[in-house]
Amino acid sequence: MNVARAALASVLSLALLVAAQGARPSTLAEVFVCPPCGAECHFTTYPKTGNCGVCGMGLVPLASVPQVGVLLYPRVALPTSLLTLSLFAGSNEVRAFCVADTTEPLRLFDTLEVRPQFAFAEAPPLDVLVVPDGFGAWDDPLLVEWVKNAAEHARFVLAVSGGSVVLARAGFLAQERVPGHGYLLRRAKELAPELVFDETIAWRRSGKFFLARDTESALDATLGILQELAGEESAKRTAEEFGRTWKPAAK
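Quick note on the numbering used here: the sequence shown kicks off at 125 and runs consecutively.
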C-alpha cells in the first residue's frame, strides 16, 4: 500500500510542480468569484467580471481572495480540523475549504462523513495551509508530498499538535521548539526526533509557521493568522462572534 502511495506521491509532485508554473496570478486572475459575504456563494466561479448571481455583490478576481485549505484524512482530529475551518469561514475574509486525496466522501474517525471540495491535484494555490491534529498522516507519502508542496508556497501554515510531525516529515521545522502534549511527548523520538516538543507553550509563531498545542490554542493561532490577512479589527470581530476573548499577537 505504501509503495503504491509513494509512486503516486512522485506523480503528484511532478503534477504540482507543473501546475505551480503560472498558477498565480494569471490563471486565477482570469477566474472571478463573489467575495466572502456569508451568503454561501463564493464557490461559484465566473469567467468574467460582473455581479454574483446569488447575492448581487460585485465579483472580484479569485486571486485576490485568500485561499485557506484544511487538510482532511480518515484519522484527522475532528475538533482541530472543523473548528479551525469554522473560524476561518466565519470571518468572511477568506475562501475556506477542505482538501484531501479524494473528493469522494471521507468518514472521519468513523463519526462524520464529509466530501472535501478539492482533491490534492485540483486544489488552488493556498495562502494558508492548515494541518490539523490526527493519527497516521505522517506515514502517508502521498499526503506528506502534497503538504510539502503546499507549505512551500503558502503564506502561512498552521499545524496543530501532530500536524507538526507531518511538517517535519515534509522537511520543515528541524530543531524547532514545537508545542505538544500527550502522545507527542511520549513518542517524540520515534515520530519526529528533529523536533523539540514543549508542553508549556500554547502556541507560537516561527516565521510563516503557526504552531499550536491543542484545539484551544489552535483557535488563537487561527485568529493570529486572520490578523495578518485582514487586520486586527477583523480578528477581534471574529473572536467575539465565536464567544472568545482575544488579544492581538505581539509584533
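Just so it is clear, CB atoms sit at the ideal spot from N, CA and C, and this is done for glycine as well.
About 13 Å separates the beta carbon of V192 from that of F167, a gap too long to meet the 8 Å contact definition. Sequence-distant partners of F244 (beyond 5 residues in either direction) whose C-beta falls short of 7 Å from its own C-beta, in its chain, are L136, V223, D225 and W270. Within its own chain, the residues whose Cβ lies closer than 6 Å to the Cβ of A283, once the five positions on either side in sequence are excluded, are V255, L291 and L335, listed in chain order.
Looking at the DSSP output, P303 bridges to D322. A contact is defined here as three or more CB-CB pairs under 8 Å, and the region 291-303 fails this definition with respect to the region 352-365. By the criterion of a C-beta distance shorter than 7 Å, A275 is surrounded in its chain by L253, V281, L291, A294 and F296, once the five residues flanking it on both sides are discounted.
Judged by DSSP secondary structure, V255 falls outside any alpha helix (DSSP H) and instead within the beta strand (DSSP E) spanning V252 to V255. Annotation: the continuous alpha helix (DSSP H) that includes Q351 extends over T339 to A354. The DSSP-derived three-state label of V218 is coil. Three or more Cβ pairs closer than 8 Å define a contact, and the region 153-160 meets that threshold against the region 170-188. A check of alpha carbon separations from G174 across E164, P159 and A163 identifies P159 as the nearest.
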